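Numbering (this note's numbering), first residue to last: 882 to 1166. Structure first, then comments.
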Amino acid sequence: AGNARVRLVWDTTSADPAQRQIDSAVALAKRSGVAIVVAGIEEGEFRDRSSLSLPGRQEDMIQRVASLGKPVIVVLVGGSAITMSHWIDKVGAVVMAWYPGAEGGHAMADVLLGDENPAGRLPITFPFAEGQLPLRYNHKPTGRGDDYADLVGEPAFPFGYGLSYTHFEYSELQIEPAVVGPADRAHISFRIRNDGDRPGDDVPQLYVRPVVTPVAQPVLALKAFGRVHLAPGEERRVTLTLRASELRVLDERLGWVLSPGTTMILVGASSNDIRLRGQLRTRAE
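Have a look at this one:
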(Lines of atoms letter the chains of each structure in order from A and count residues from 1; the text may use other names and numbers.)
(Lines give C-alpha, C1' and ligand atoms only; values in the text may rest on other atoms or scores of the structure.)
Protein backbone atom coordinates (compact mmCIF):
# COMPACT_ATOMS: atom_id res chain seq x y z
CA ALA A 1 0.00 0.00 0.00
CA GLY A 2 3.05 2.32 0.25
CA ASN A 3 5.50 3.90 -2.16
CA ALA A 4 8.68 2.15 -3.12
CA ARG A 5 11.97 3.17 -4.74
CA VAL A 6 14.37 1.06 -6.72
CA ARG A 7 17.92 2.28 -7.31
CA LEU A 8 20.24 0.57 -9.78
CA VAL A 9 23.95 1.36 -9.44
CA TRP A 10 26.20 0.19 -12.26
CA ASP A 11 29.76 -0.18 -11.01
CA THR A 12 32.28 -0.45 -13.84
CA THR A 13 35.95 0.18 -14.24
CA SER A 14 35.88 0.31 -18.05
CA ALA A 15 37.02 3.47 -19.81
CA ASP A 16 34.57 6.22 -20.70
CA PRO A 17 33.14 5.25 -24.13
CA ALA A 18 32.95 8.91 -25.14
CA GLN A 19 36.62 9.34 -24.34
CA ARG A 20 37.49 6.30 -26.47
CA GLN A 21 35.54 7.75 -29.38
CA ILE A 22 37.26 11.13 -29.05
CA ASP A 23 40.67 9.45 -28.86
CA SER A 24 39.85 7.48 -32.01
CA ALA A 25 38.80 10.65 -33.85
CA VAL A 26 41.99 12.43 -32.79
CA ALA A 27 44.13 9.51 -33.92
CA LEU A 28 42.41 9.51 -37.32
CA ALA A 29 42.83 13.27 -37.68
CA LYS A 30 46.52 12.96 -36.79
CA ARG A 31 47.03 10.71 -39.84
CA SER A 32 45.06 13.05 -42.13
CA GLY A 33 45.94 16.23 -43.99
CA VAL A 34 42.58 17.90 -43.28
CA ALA A 35 40.06 17.13 -40.54
CA ILE A 36 36.30 17.46 -41.11
CA VAL A 37 34.36 17.27 -37.85
CA VAL A 38 30.61 16.73 -38.20
CA ALA A 39 28.76 17.81 -35.07
CA GLY A 40 25.17 18.62 -34.28
CA ILE A 41 22.31 19.13 -31.88
CA GLU A 42 19.26 17.18 -30.73
CA GLU A 43 15.88 18.72 -31.49
CA GLY A 44 12.26 17.67 -31.44
CA GLU A 45 9.14 17.47 -29.31
CA PHE A 46 10.01 17.91 -25.63
CA ARG A 47 13.67 18.37 -26.53
CA ASP A 48 14.13 22.01 -25.46
CA ARG A 49 17.69 23.05 -24.69
CA SER A 50 18.84 25.19 -21.77
CA SER A 51 22.15 25.78 -23.54
CA LEU A 52 22.87 26.54 -27.20
CA SER A 53 26.30 24.89 -27.12
CA LEU A 54 26.90 21.53 -28.77
CA PRO A 55 25.60 18.77 -26.47
CA GLY A 56 27.68 16.01 -24.98
CA ARG A 57 31.43 16.19 -25.47
CA GLN A 58 31.43 17.41 -29.06
CA GLU A 59 33.19 20.65 -28.14
CA ASP A 60 35.93 18.61 -26.44
CA MET A 61 36.37 16.61 -29.63
CA ILE A 62 36.59 19.75 -31.78
CA GLN A 63 39.20 21.30 -29.51
CA ARG A 64 41.24 18.10 -29.33
CA VAL A 65 41.26 17.76 -33.12
CA ALA A 66 42.05 21.46 -33.58
CA SER A 67 45.03 21.18 -31.20
CA LEU A 68 46.80 18.96 -33.76
CA GLY A 69 47.51 21.99 -35.94
CA LYS A 70 45.79 20.50 -39.01
CA PRO A 71 43.25 22.46 -41.09
CA VAL A 72 39.87 21.81 -39.46
CA ILE A 73 36.38 22.27 -40.93
CA VAL A 74 33.36 21.90 -38.67
CA VAL A 75 30.05 20.88 -40.29
CA LEU A 76 27.05 21.58 -38.06
CA VAL A 77 23.78 19.64 -38.41
CA GLY A 78 20.66 21.10 -36.81
CA GLY A 79 17.76 23.46 -37.21
CA SER A 80 18.49 26.27 -34.75
CA ALA A 81 21.25 28.53 -33.45
CA ILE A 82 24.44 27.09 -31.96
CA THR A 83 26.98 28.95 -29.83
CA MET A 84 30.61 28.45 -30.87
CA SER A 85 32.66 30.82 -28.71
CA HIS A 86 34.73 28.06 -27.07
CA TRP A 87 36.12 26.66 -30.30
CA ILE A 88 35.40 28.77 -33.40
CA ASP A 89 38.73 30.64 -33.25
CA LYS A 90 40.56 27.31 -33.35
CA VAL A 91 39.10 26.01 -36.62
CA GLY A 92 39.44 27.17 -40.21
CA ALA A 93 35.82 27.08 -41.35
CA VAL A 94 32.27 26.35 -40.20
CA VAL A 95 29.50 25.11 -42.50
CA MET A 96 25.88 25.09 -41.33
CA ALA A 97 24.33 22.07 -43.04
CA TRP A 98 20.89 22.37 -41.37
CA TYR A 99 18.99 19.11 -42.10
CA PRO A 100 20.17 18.43 -45.64
CA GLY A 101 18.23 15.24 -46.41
CA ALA A 102 19.22 12.07 -48.26
CA GLU A 103 21.57 13.82 -50.69
CA GLY A 104 23.10 16.02 -48.00
CA GLY A 105 26.35 14.08 -47.96
CA HIS A 106 26.92 14.55 -51.69
CA ALA A 107 25.95 18.22 -51.49
CA MET A 108 28.32 18.84 -48.58
CA ALA A 109 31.14 17.06 -50.40
CA ASP A 110 30.61 19.32 -53.44
CA VAL A 111 30.81 22.43 -51.24
CA LEU A 112 33.86 21.31 -49.25
CA LEU A 113 35.75 20.23 -52.38
CA GLY A 114 34.96 23.52 -54.11
CA ASP A 115 32.88 21.97 -56.89
CA GLU A 116 29.93 24.13 -55.76
CA ASN A 117 30.07 27.69 -54.47
CA PRO A 118 27.72 28.05 -51.46
CA ALA A 119 25.28 30.94 -51.39
CA GLY A 120 23.07 30.18 -48.39
CA ARG A 121 22.13 32.99 -45.98
CA LEU A 122 21.09 32.68 -42.35
CA PRO A 123 17.33 33.01 -41.73
CA ILE A 124 17.98 33.44 -37.99
CA THR A 125 20.52 35.16 -35.73
CA PHE A 126 23.32 33.24 -34.01
CA PRO A 127 24.34 34.72 -30.62
CA PHE A 128 27.70 34.57 -28.87
CA ALA A 129 26.01 33.49 -25.63
CA GLU A 130 22.56 32.62 -24.32
CA GLY A 131 22.54 35.75 -22.15
CA GLN A 132 22.06 37.87 -25.30
CA LEU A 133 18.67 36.32 -26.00
CA PRO A 134 16.22 37.35 -27.28
CA LEU A 135 18.46 38.60 -30.08
CA ARG A 136 16.98 39.59 -33.43
CA TYR A 137 17.86 42.11 -36.10
CA ASN A 138 14.37 43.64 -36.33
CA HIS A 139 13.95 44.72 -32.71
CA LYS A 140 12.29 47.99 -31.85
CA PRO A 141 14.27 50.97 -30.51
CA THR A 142 15.22 50.56 -26.86
CA GLY A 143 16.68 53.97 -26.12
CA ARG A 144 19.78 52.40 -24.59
CA GLY A 145 22.96 50.64 -25.61
CA ASP A 146 23.00 46.98 -26.57
CA ASP A 147 26.36 46.00 -25.04
CA TYR A 148 26.85 44.03 -21.83
CA ALA A 149 29.41 44.51 -19.07
CA ASP A 150 31.22 41.39 -20.26
CA LEU A 151 30.10 41.00 -23.88
CA VAL A 152 29.19 42.98 -26.97
CA GLY A 153 25.59 43.31 -28.02
CA GLU A 154 26.31 42.24 -31.59
CA PRO A 155 25.53 38.67 -32.71
CA ALA A 156 28.14 36.09 -33.62
CA PHE A 157 26.45 35.72 -37.02
CA PRO A 158 23.67 38.15 -38.00
CA PHE A 159 20.45 37.50 -39.86
CA GLY A 160 21.12 37.20 -43.60
CA TYR A 161 24.81 36.31 -43.17
CA GLY A 162 26.65 33.89 -45.42
CA LEU A 163 30.01 33.50 -47.16
CA SER A 164 31.08 32.02 -50.47
CA TYR A 165 34.32 31.39 -52.35
CA THR A 166 34.13 34.79 -54.03
CA HIS A 167 33.38 38.42 -53.12
CA PHE A 168 30.81 40.88 -54.43
CA GLU A 169 30.87 44.68 -54.64
CA TYR A 170 27.77 46.91 -54.63
CA SER A 171 27.45 50.34 -56.29
CA GLU A 172 25.19 52.90 -58.02
CA LEU A 173 22.00 52.78 -55.95
CA GLN A 174 18.94 54.22 -57.71
CA ILE A 175 15.44 54.67 -56.23
CA GLU A 176 12.60 55.37 -58.68
CA PRO A 177 10.35 57.15 -58.06
CA ALA A 178 11.72 59.12 -55.15
CA VAL A 179 8.20 59.74 -53.74
CA VAL A 180 5.42 57.13 -53.57
CA GLY A 181 1.74 57.20 -52.69
CA PRO A 182 -0.41 54.43 -51.18
CA ALA A 183 -0.87 52.50 -54.45
CA ASP A 184 2.63 53.07 -55.85
CA ARG A 185 5.73 50.93 -56.07
CA ALA A 186 9.37 51.92 -55.81
CA HIS A 187 12.05 50.19 -57.85
CA ILE A 188 15.38 49.95 -56.05
CA SER A 189 18.20 49.11 -58.42
CA PHE A 190 21.95 48.79 -57.94
CA ARG A 191 24.96 47.18 -59.55
CA ILE A 192 26.66 44.04 -58.24
CA ARG A 193 30.11 42.95 -59.40
CA ASN A 194 31.85 39.64 -58.77
CA ASP A 195 35.33 40.75 -57.74
CA GLY A 196 36.63 37.23 -57.14
CA ASP A 197 38.07 34.56 -59.40
CA ARG A 198 35.23 32.05 -58.96
CA PRO A 199 31.68 32.11 -60.34
CA GLY A 200 29.05 32.38 -57.64
CA ASP A 201 25.61 33.53 -56.50
CA ASP A 202 24.99 36.61 -54.39
CA VAL A 203 21.85 37.27 -52.35
CA PRO A 204 21.31 41.06 -52.11
CA GLN A 205 18.90 42.10 -49.36
CA LEU A 206 16.68 45.17 -49.14
CA TYR A 207 15.96 46.58 -45.68
CA VAL A 208 14.01 49.67 -44.60
CA ARG A 209 14.27 51.91 -41.57
CA PRO A 210 11.66 54.65 -40.96
CA VAL A 211 13.07 58.00 -39.88
CA VAL A 212 9.93 59.13 -38.02
CA THR A 213 6.77 57.10 -37.39
CA PRO A 214 3.63 57.67 -35.27
CA VAL A 215 4.26 54.37 -33.44
CA ALA A 216 7.47 52.47 -32.71
CA GLN A 217 8.74 50.38 -35.61
CA PRO A 218 11.69 47.95 -35.99
CA VAL A 219 15.07 49.60 -36.44
CA LEU A 220 15.50 47.40 -39.53
CA ALA A 221 13.08 45.29 -41.55
CA LEU A 222 13.74 43.01 -44.52
CA LYS A 223 11.38 43.80 -47.40
CA ALA A 224 12.90 42.03 -50.41
CA PHE A 225 15.85 39.99 -51.56
CA GLY A 226 17.13 38.48 -54.78
CA ARG A 227 19.66 35.99 -56.07
CA VAL A 228 22.01 36.63 -58.96
CA HIS A 229 24.67 34.41 -60.54
CA LEU A 230 27.81 36.18 -61.73
CA ALA A 231 30.94 34.93 -63.46
CA PRO A 232 34.33 36.28 -62.30
CA GLY A 233 34.52 39.97 -63.18
CA GLU A 234 30.88 40.08 -64.34
CA GLU A 235 28.71 43.02 -63.31
CA ARG A 236 24.92 43.32 -63.45
CA ARG A 237 22.21 45.75 -62.40
CA VAL A 238 19.70 44.18 -60.03
CA THR A 239 16.24 45.62 -59.33
CA LEU A 240 14.13 44.91 -56.25
CA THR A 241 10.55 46.16 -55.94
CA LEU A 242 9.09 47.73 -52.81
CA ARG A 243 5.34 48.35 -52.59
CA ALA A 244 4.28 51.43 -50.65
CA SER A 245 1.73 49.28 -48.85
CA GLU A 246 4.64 47.43 -47.23
CA LEU A 247 5.55 50.67 -45.44
CA ARG A 248 2.17 51.02 -43.73
CA VAL A 249 1.98 50.80 -39.95
CA LEU A 250 -0.74 50.03 -37.43
CA ASP A 251 -1.72 53.24 -35.70
CA GLU A 252 -3.03 53.70 -32.16
CA ARG A 253 -6.52 52.62 -33.28
CA LEU A 254 -5.11 49.48 -34.97
CA GLY A 255 -5.76 50.82 -38.44
CA TRP A 256 -3.28 50.51 -41.30
CA VAL A 257 -1.91 53.90 -42.38
CA LEU A 258 0.81 55.13 -44.68
CA SER A 259 2.34 58.07 -42.87
CA PRO A 260 4.01 60.88 -44.81
CA GLY A 261 7.73 61.04 -44.21
CA THR A 262 11.11 59.56 -45.08
CA THR A 263 12.17 55.94 -45.04
CA MET A 264 15.80 54.88 -45.23
CA ILE A 265 16.47 52.36 -48.00
CA LEU A 266 19.33 50.01 -47.08
CA VAL A 267 20.84 47.42 -49.41
CA GLY A 268 23.45 44.95 -48.30
CA ALA A 269 24.81 41.43 -47.98
CA SER A 270 23.24 40.89 -44.53
CA SER A 271 21.39 42.79 -41.82
CA ASN A 272 24.79 43.76 -40.40
CA ASP A 273 26.55 44.45 -43.70
CA ILE A 274 24.77 47.37 -45.36
CA ARG A 275 26.56 48.51 -48.53
CA LEU A 276 24.23 51.15 -50.03
CA ARG A 277 21.94 53.77 -48.47
CA GLY A 278 19.25 56.03 -49.89
CA GLN A 279 15.92 57.66 -49.03
CA LEU A 280 12.33 57.18 -50.14
CA ARG A 281 9.57 59.63 -49.32
CA THR A 282 5.95 58.62 -48.81
CA ARG A 283 2.76 60.61 -49.30
CA ALA A 284 -0.13 60.30 -46.88
CA GLU A 285 -3.20 58.25 -47.73
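Don't be surprised by glycine CBs; every beta carbon is placed ideally from N, CA and C. A quick note: this is a predicted structure, and the numbers were derived from the prediction, not measured.
Residue i versus the options, residue with shortest Cα-Cα distance
i       : options                               : result
Met1145 : Gly959, Ala910, Val958 and Val1060    : Val1060
Glu1116 : Glu1050, Val956 and Leu1131           : Glu1050
Val1033 : Thr1047, Lys1021, Glu1011 and Leu1044 : Glu1011
Gln1055 : Pro1095, Pro1008 and Leu1121          : Leu1121
Ile1155 : Ser1140, Ala1102 and Leu1139          : Ala1102
Asn995  : Gly1136, Ser1045 and His1020          : Correcting the residue type first, residue 995 is Gly in the shown sequence and not Asn. It is Ser1045 whose Cα lies nearest to the Cα of Gly995.
Val955  : Trp1137, Ala983, Gly982 and Ala910    : Ala910
Glu1133 : Ala1097, Gly1062 and Gly960           : Ala1097
Glu1053 : Ala947, Ala899, Gly1149 and Arg945    : Gly1149
Phe1106 : Ser948, Leu1139, Leu1147 and Gly1077  : Leu1147
Asp1065 : His1110, Pro1022, Arg1124 and Leu935  : Arg1124
Lys1104 : Ala1067, Gly950, Val1138 and Glu923   : Ala1067
Arg1158 : Ser948, Ala920, Leu1016 and Leu1087   : Leu1087
Asp929  : Gly914, Ala908 and Gly960             : Gly960
Lys951  : Gly1114, Gln944, Thr1047 and Gly914   : Gly914
Arg912  : Arg901, Pro898, Trp968 and Val946     : Val946
Ile969  : Leu993, Gly982, Ala983 and Gln944     : Gln944
Assumed close pair residue i, residue j - CB separation to whole angstroms, cut-off 8 Å
i      : j       : result
Ala916 : Val953  : 5 Å
Ser966 : Phe1009 : 5 Å
Glu926 : Pro936  : The pair is not a contact, with the Cβ atoms about 17 Å apart (cut-off 8 Å).
Leu949 : Ala920  : Rounded, the Cβ-Cβ distance is 17 Å, inconsistent with contact.
Buried versus exposed, by CB contacts within 10 Å (16 or more), residue i
i       : result
Ala885  : exposed
Val975  : buried
Ala962  : buried
Gln939  : buried
Tyr1018 : buried
Trp979  : exposed
Leu1161 : buried
Val887  : exposed
Ala1030 : exposed
Ala1112 : exposed
Ala908  : exposed
Val890  : exposed
Ser1151 : buried
C-beta atoms of residue i and residue j nearer than 8 Å
i       : j       : result
Met942  : Val972  : no
Val1092 : Leu1128 : no
Thr964  : Leu933  : yes
Pro1095 : His1020 : no
Thr1163 : Gly1142 : yes
Asn998  : Arg1079 : yes
Pro1036 : Leu1014 : no
Pro1063 : Ser1126 : yes
Asp1076 : His1110 : no
Ala1165 : Leu1139 : yes
Proximity test, Cβ basis, 8 Å: residue i and chain B
i       : result
Leu1014 : Of the protein chains in this structure there is only one, and it is not chain B.
Do the stretch 1055–1075 and the stretch 978–995 make contact, defined as three or more Cβ pairs closer than 8 Å? no
Do the stretch 1075–1093 and the stretch 1024–1032 make contact, defined as three or more Cβ pairs closer than 8 Å? no
How about the stretch 1034–1050 and the stretch 997–1011: do they share at least three Cβ pairs that are nearer than 8 Å? Short answer: they touch.
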